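Visitor:
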Amino acid sequence: MKKPRNSLLIAVFAFATGAAHAQTAEIDARVINEQGQPVADAVVVAVPADGARPPAKAAERPRAGVVDQVDKEFTPKVTAILVGTAVTFPNHDNVRHQVYSFSPAKRFELPLYAGVPAGPVVFDKPGVVVLGCNIHDWMVGYIYVSESPYFAKTDKDGKAILAELPPRTYAVRVWHPQLEGAEETTLKSVDASRPGRVDVAWQLKLKREVKVRRAPGAEGRGRY
Amino acid sequence: MTPSSMRSKLRALHLACAFFAAGISAPATAEWLLDSDGGVLYDSNLNRAYESADIRADSAFTLSAAGGSHFALSGADGLTLTANARSEIYHRFHGLNLLGLGGTALYRHKFGLGYAAPWILLAASASHDNYRDDIRDSDRVELRAELGTRFTEAFDAAFGGRFERRYAKNDKPVVPGISGKVFDLRGQSAYVRAGYAVSDQLLLGAELAVRRGDVVATTRRHFDIFVASSAIAADPAFGSDFVAYRLRGTTDTAKLTASWAFDNRSSLNFAYADERTDAAGGIIYRSHSANLVYAWRY
């Protein structure tokens, strides 16, 4: 009879993994604006306060990303990746795009293309990379390149979960495209030295979003 | 219909067909465009008269639509070809009701990468304007060059020059030896404009323009204007005793605009323009116009 033995194995595995999870900490971040409304697309980054290097497993986060172009907009508008990640920029519009960035963290240009460009772009320096399209000036997207493997992006409810953190104290900060002031001003020391969940909240002061207008103007035409 | 006017109509038809053919045969990477707008306009001095007793104001419904293709020739160059139609329907002066059909070719080059790269725009447009009115029916050609830049995401500015030529279809002289083609006009203008996005929705704009060229003033018979004019015709659109005079003049225009975006595809637009013309013979007239337009883009 193999069934009891299999059940035993499953139980042992479940216990072992449960125990492993029980050894990790979790930071549940909530980000709101000055009006108390949830802020989506904010990137929450945790860095071990003692400067400890993350375990190899944590550094094994996926090193591939995708920033799509749909209806002449970047999708998603904000992408968070680990430094060293290769990102592809498939174009799902039936028009051509020319994606570029002038940001110090990554300067690049993908000449006018349709479909999927020949190769991905590797983001090898931490920082914020602002994306644009030279054909459609209103298109703007952001890639947050994190030096730490512990990061997450807030959802529409303003929530982000940083799971499976080695228990310790973390310096946690938040970035958002409309953040008023430097990212460092959001820095908080979060004690996650014991396994379990820690709730942390930020109230951000956001600037109004300024982007090149897409809607028709008073002159009627003149999109290009 | 004379053979020459027949040839001219055929040429216009060929031009329109070429625009459509270019759009239909566009490769998959061409971008289809469809713009339309509708609204109302008001002009305080439609007939460009300078004596208050002769001034006629009116309002109109306006409709326009343009369809075509945009071709990204390279990352820096774009060509837009559109066929367009516009109509104005006046409340009181039905002789000004208009249906215009035409096409525009617009080439734009960016000097660099990014939204802040300066750009140059060259545009040529042609249209036939049908007023069902012998003296106003005409063909128009306009050439435009514009140089501009975007200083920030919210602020842009441009300056440019425009040459326009209007070819009157009919000659109805009322004074022997003086042309009756009052709407046979040419002019050139220079302009500077700027736009500032106050918020995601609200875009404010301003434009200053100077135009030198032919203007048409329709008034009751007036000796000073008669002496200064180069063409004269009866203009029943404003009344049986009104006469249209073609004059040389300089027109200064100041224009303010405000545009409220509902979403990426539609907006409500208001424009106010103050126009002053100094015409030959010391004749000065002013007009104010305002329009409110809902614009929609596919």
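Keeping their order, the protein sequence lines are chains A and B. Numbering that gives the first Met the number 0 numbers the first residue of the first sequence as 0 and each following residue consecutively. Numbering that gives the first Met the number 0 numbers the first residue of the second sequence as 0 and each following residue consecutively. Yeah, the Cβ is synthetic: ideal placement off N, Cα and C, and Gly gets one too. Keep in mind the model is a prediction, meaning the values are calculated, not measured.
Report the three-state DSSP secondary structure of P110 of chain A (helix, strand or coil).
Guide: Here the question's residue 110 of chain A lines up with position 111 in the first sequence. Correct three-state label for P110 of chain A: strand.
Visitor: Which of the residues in the region 122-138 of chain A, read from start to end, lie with their CB under 7 Å from any CB of chain B?
Guide: Residues passing the 7 Å Cβ filter: G131, N133, I134 and D136.
Visitor: Please report whether the beta-carbon of R264 of chain B lies at a distance below 8 Å from any beta-carbon of chain A.
Guide: Locating residue 264 of chain B in the second sequence gives position 265, where the first residue counts as 1. With 8 Å as the cut-off, R264 of chain B counts as an interface residue toward chain A.
Visitor: Spell out whether any CB of chain A is found under 8 Å from the CB atom of Y195 of chain B.
Guide: On the second sequence, residue 195 of chain B is found 196 positions in, with the first residue counted as 1. Taking Cβ atoms only, chain A never reaches closer than 8 Å to Y195 of chain B, which makes this a no.
Visitor: Starting from the Cα of A156 of chain B, find the closest Cα among B:L97, B:W118 and B:A64 and give me that residue.
Guide: As a working note, residue 156 of chain B is residue 157 in the second sequence. Ranking the options by Cα distance to A156 of chain B, first place goes to B:W118.
Visitor: Can you find a C-beta in chain B that's less than 8 Å from the C-beta of R106 of chain A?
Guide: What you label residue 106 of chain A is simply residue 107 of the first sequence in a count that begins at 1. No, R106 of chain A does not count as interfacial toward chain B.
Visitor: When DSSP builds the beta bridges, which residues end up paired with Q202 of chain A?
Guide: Looking up residue 202 of chain A in the first sequence gives position 203. In the DSSP output, where bridge partners are listed per residue, Q202 of chain A has A:I31.
Visitor: For a contact meaning CB atoms closer than 7 Å, what does E163 of chain B contact in chain A?
Guide: By one-based count along the second sequence, residue 163 of chain B stands at place 164. None at all; the shortest Cβ gap to chain A is about 17 Å.
Visitor: If you draw a straight line from the C-alpha of V199 of chain A to the C-alpha of E182 of chain A, how long is it?
Guide: Reading the first sequence from its first residue, position 200 is the one you call residue 199 of chain A. Reading the first sequence from its first residue, position 183 is the one you call residue 182 of chain A. About 16 Å.
Visitor: Any idea which residues DSSP pairs D76 of chain B with across the strands?
Guide: For the purposes of this step, residue 76 of chain B is identified with residue 77 of the second sequence, where counting begins at 1. Note: D76 of chain B sits in a beta bridge opposite B:H108.
Visitor: Against chain B, with Cβ distances strictly below 8 Å, would A214 of chain A count as a contact?
Guide: As a working note, residue 214 of chain A is residue 215 in the first sequence. Closer than 8 Å to some Cβ of chain B, the Cβ of A214 of chain A qualifies, so yes.
Visitor: Could you say which of A:R207, A:G195 and A:S145 lies nearest to V46 of chain A if we only look at CA atoms?
Guide: Residue mapping note: residue 46 of chain A aligns to position 47 of the first sequence, counting from 1. Checked all of A:R207, A:G195 and A:S145; the closest Cα to V46 of chain A is A:S145.
Visitor: I need the straight-line Cα distance from P116 of chain A to D156 of chain A, nearest angstrom please.
Guide: Locating residue 116 of chain A in the first sequence gives position 117, where the first residue counts as 1. Locating residue 156 of chain A in the first sequence gives position 157, where the first residue counts as 1. C-alpha separation (whole angstroms): 34 Å.
Visitor: On the three-state DSSP scale, how would you describe I177 of chain B?
Guide: Your numbering for residue 177 of chain B matches position 178 in the second sequence. Three-state result, I177 of chain B: coil.
Visitor: Compare the C-beta of L291 of chain B against all C-beta atoms of chain A and say whether one is closer than 8 Å.
Guide: One-based indexing of the second sequence puts residue 291 of chain B at position 292. Closer than 8 Å: no.
Visitor: At what residues does the beta strand (DSSP E) containing V127 of chain A begin and finish?
Guide: In the first sequence, the residue the question calls residue 127 of chain A occupies position 128. Segment G126 to C132, the beta strand (DSSP E) holding V127 of chain A.
Visitor: Can you name the start and end residues of the alpha helix (DSSP H) that A227 of chain B belongs to?
Guide: Indexing the second sequence from 1 puts residue 227 of chain B at position 228. Looking at the DSSP string, the run of the alpha helix (DSSP H) that includes A227 of chain B is F222 to A227.
Visitor: Could one say the Cβ of L33 of chain B lies closer than 8 Å to chain A's Cβ atoms, at least one of them?
Guide: One-based indexing of the second sequence puts residue 33 of chain B at position 34. Chain A, which has no Cβ nearer than 8 Å to the Cβ of L33 of chain B, makes this no.
Visitor: Mapping the DSSP letters down to three states, classify E146 of chain A as helix, strand or coil.
Guide: As a working mapping, residue 146 of chain A is identified with position 147 in the first sequence. It is coil, neither helix nor strand.
Visitor: When you compare the CB positions of D297 of chain B and L33 of chain B, do they come within less than 8 Å of one another, or not?
Guide: Mapped onto the second sequence, residue 297 of chain B falls at position 298. Mapped onto the second sequence, residue 33 of chain B falls at position 34. Rather than Asp, the amino acid found at residue 297 of chain B in this sequence is Tyr. Result yes, Cβ atoms of Y297 of chain B and L33 of chain B sit closer than 8 Å.
Visitor: Taking H108 of chain B as the reference, which of B:A56, B:G147, B:G186 and B:L267 has the closest Cα?
Guide: On the second sequence, position 109 is the one that residue 108 of chain B refers to. Looking at the Cα atoms, B:G147 is the closest of the given residues.
Visitor: Just the chain A side, please: which residues come within less than 9 Å of D199 of chain B by C-beta, in chain order?
Guide: If you number the second sequence from 1, residue 199 of chain B lands on position 200. Going along chain A in sequence order, the residues near D199 of chain B (Cβ under 9 Å) are R207, E208, V209, K210 and R212.
Visitor: What residues of chain B sit near Y149 of chain A, judged by a beta carbon separation below 8 Å?
Guide: Here residue 149 of chain A refers to the residue found at position 150 when the first sequence is read from its first residue. Here the premise fails: no neighbours, minimum Cβ distance about 32 Å.
Visitor: Straight-line CA distance for N44 of chain B to N263 of chain B?
Guide: Here residue 44 of chain B is taken as the residue at index 45 of the second sequence, counted from 1. Here residue 263 of chain B is taken as the residue at index 264 of the second sequence, counted from 1. Straight-line Cα distance between these residues: approximately 35 Å.
Visitor: Using the beta-carbon of each residue, which ones in chain B are nearer than 7 Å to Q97 of chain A?
Guide: As a first step, residue 97 of chain A must be located in the first sequence, where it is residue number 98. Residues of chain B passing the Cβ test: G74.
Visitor: Report the partner residues of F73 of chain A according to the DSSP bridge assignment.
Guide: If you number the first sequence from 1, residue 73 of chain A lands on position 74. For F73 of chain A, which the question treats as bridged, DSSP gives the partners A:Q68.
Visitor: Out of curiosity, what's the CA-to-CA distance linking E208 of chain A and V139 of chain A?
Guide: By one-based count along the first sequence, residue 208 of chain A stands at place 209. By one-based count along the first sequence, residue 139 of chain A stands at place 140. Rounded to the nearest angstrom, the two C-alpha atoms are 11 Å apart.
Visitor: Determine whether the Cβ of L111 of chain A lies closer than 8 Å to any Cβ atom of chain B.
Guide: Counting from one through the first sequence, the residue named residue 111 of chain A turns up at place 112. Yes, contact with chain B.
Visitor: Is S266 of chain B helix, strand or coil when you go by DSSP?
Guide: Looking up residue 266 of chain B in the second sequence gives position 267. Of the three classes helix, strand and coil, the one that applies to S266 of chain B here is strand, per DSSP.
Visitor: Beta carbons nearer than 8 Å to chain A: which residues of the region 102-115 of chain B have them?
Guide: Within the region 102-115 of chain B, the residues whose Cβ lies closer than 8 Å to some Cβ of chain A are L105, R107, K109, L112, G113 and Y114, listed in chain order.
Visitor: Tell me the residue span of the beta strand (DSSP E) that contains V82 of chain A.
Guide: Numbered from 1 along the first sequence, position 83 holds the residue referred to as residue 82 of chain A. From DSSP, V82 of chain A is part of no beta strand (DSSP E); its letter is neither H nor E.
Visitor: I'd like to confirm the pairing. Which residues does DSSP put opposite K210 of chain A in its beta bridges?
Guide: If you number the first sequence from 1, residue 210 of chain A lands on position 211. Answer by DSSP bridge pairing: none, since K210 of chain A is not bridged.
Visitor: Looking only at its own chain, which residues have a Cβ that is under 6 Å from the Cβ of R275 of chain B, when we skip the five neighbours before and after it?
Guide: For the purposes of this step, residue 275 of chain B is taken as the residue at position 276 of the second sequence. For R275 of chain B, where only same-chain residues beyond five positions count, the Cβ hits under 6 Å are D251 and R285.
Visitor: Take L120 of chain B and list the residues in its own chain whose beta-carbon comes closer than 6 Å to its own, dropping the five residues that flank it on each side.
Guide: Taking the second sequence and counting its residues from 1, one reaches residue 120 of chain B at position 121. The answer, listed in chain order, is R107 and E145.
Visitor: Rounding to the nearest angstrom, what Cα-Cα distance links L97 of chain B and G280 of chain B in this structure?
Guide: Translated into the one-based positions of the second sequence, residue 97 of chain B becomes position 98. Translated into the one-based positions of the second sequence, residue 280 of chain B becomes position 281. For L97 of chain B and G280 of chain B, the distance between alpha carbons rounds to 30 Å.
Visitor: State the DSSP-derived secondary structure class of E183 of chain A, mapped to helix, strand or coil.
Guide: One-based indexing of the first sequence puts residue 183 of chain A at position 184. Residue state, collapsed to three classes: helix.
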